[in-house]
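Using this note's numbering, the first residue of the sequence shown is number 31, and each one after it goes up by one. Some notes on the structure that comes next.
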Amino acid sequence: MATKCVPCLGTAVKTVIVEAFPELEKQVALFLDCEEEGEVRGCKGKKGKNEYQLHTSACMKRQGIHDFKDAPAAMRRCSAEWKARKVE
């Protein structure tokens with residue numbers, strides 16, 4: 031089972047932030063203290079892909095690109111296909 035990410039800031043990091051931005055003192059205090067003084071642990075949320083990203087991913091795979099230099103042209107074709115689809 032995956033462990034849940036718990037964001038934290040090291041005490042040294044908190045001190046630097048509050049010294050530079052005193053108005054953030056209350057927000058900084060809400061973060062748990064990390065074990066290491068200089069540690070910063072953020073959590074990255076997982077978002078699903080939107081409709082455009084799904085379309086582009088499938089389109090790029092259909093293009094059968096074998097060389098990286100061909101990717102920009104394939105991306106332009108996929109973008110044009112998306113725009114044409116959205117107009118209809």
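Using N, Cα and C, we set each Cβ at its ideal position, and we do this for glycine too.
For N80, the closest of W112, E69 and R107 by C-alpha to C-alpha distance is W112. Three or more Cβ pairs closer than 8 Å define a contact, and the segment 55–65 meets that threshold against the segment 34–44. Per the coordinates, the alpha-carbon of V70 lies some 14 Å from the alpha-carbon of A59.
Spanning the alpha carbons of C108 and G68 requires a straight line of approximately 44 Å. Annotation for K99: no residue places its beta carbon closer than 6 Å to its own, counting only its chain and skipping 5 residues before and after.
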